[in-house]
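Participant:
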């Protein structure tokens, strides 16, 4: 564990609490992509099956359980109690393409041919693009509630810190994980536009709105 | 081990 990874994981946790806070405070999930949230649930379930086969640390297991449980809870909230507030008409990104694409990539470039490694690879590829429906929705509506943009920013910052974590681990441990690196770099690049708008607008107290 | 590769990151 290093400081980049720890802060990254904590930002990931924070992003989930920010999202739950947004839903609870505004009593609405308007502007939140259910597709992105459902994709994250699929990502966590397919990646963390090693909960049953491997024990790394209490921290590792608790975080995995939290990510699975919280993503299931968010999908539930959007699907049932807050369904009337869900902006389905702007959440129109074709998420099935992302799932099919990640599945094909997982089969073409798996970490190994063990079923858990194929699913792990699939989840890494899927996570890289899972934010796209959310970003697409924000582009379509042209703006987002400030708290929703905080959520996306925390997620993007978490990914950016993972890049620094990998550089650090490469030099200190000789750690290499090409699949995670490439997918992680792609994932971080997807946030580039968002970061720019967030930093120039939201940080100055303005609404997240596209120029 | 059940898997070839160990992934200790979240």
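Protein chains in written order, with the working numbering: chain A, 2 to 212; chain B, -1 to 8.
The beta carbon of each residue, even a glycine, is placed where N, CA and C say it ideally should be.
1. Just to confirm my understanding: we take residue 119(A), look at its own chain, exclude 5 residues before and 5 after, and list those with CB closer than 6 Å. What are they?
2. Grouping DSSP H, G and I as helix and E and B as strand, with all else coil, what is residue 1(B)?
3. Between the region 162 to 169 of chain A and the region 116 to 134 of chain A, are three or more C-beta pairs nearer than 8 Å?
4. Counting C-beta neighbours from all protein chains within 10 Å, is the total for residue 135(A) 16 or more, i.e. buried, or is it exposed?
5. Out of 109(A), 73(A), 212(A) and 123(A), which one is the CA nearest neighbour of residue 36(A)?
6. For residue 209(A), tell me which candidate among 146(A), 162(A) and 174(A) has the shortest Cα-Cα distance.
7. Report the residues of the region 81 to 97 of chain A with a CB closer than 7 Å to any CB of chain B, ordered along the chain.
8. Does DSSP put residue 195(A) in a helix, a strand or coil?
9. What residues match up with residue 145(A) in a beta bridge as DSSP calls it?
10. Closest Cβ-Cβ distance between residue 182(A) and chain B: below 9 Å?
Facilitator: Here's the rundown:
1. So the list reads 107 and 111, once near-sequence residues are dropped.
2. Any reading at residue 1(B) is ruled out, since the residue's pLDDT is 49, under 50, leaving its predicted position unreliable.
3. Using a C-beta cut-off of 8 Å, the region 162 to 169 of chain A makes no contact with the region 116 to 134 of chain A, since fewer than three inter-stretch Cβ pairs fall below that distance.
4. The residue is buried, with at least 16 neighbouring Cβ atoms inside 10 Å.
5. Among 109(A), 73(A), 212(A) and 123(A), the Cα nearest to that of residue 36(A) belongs to 73(A).
6. Relative to residue 209(A), the option among 146(A), 162(A) and 174(A) whose CA is nearest is 146(A).
7. Here the close residues number zero.
8. It is helical.
9. Bridge partners of residue 145(A): 209(A).
10. False, the Cβ-Cβ gap to chain B never drops below 9 Å.
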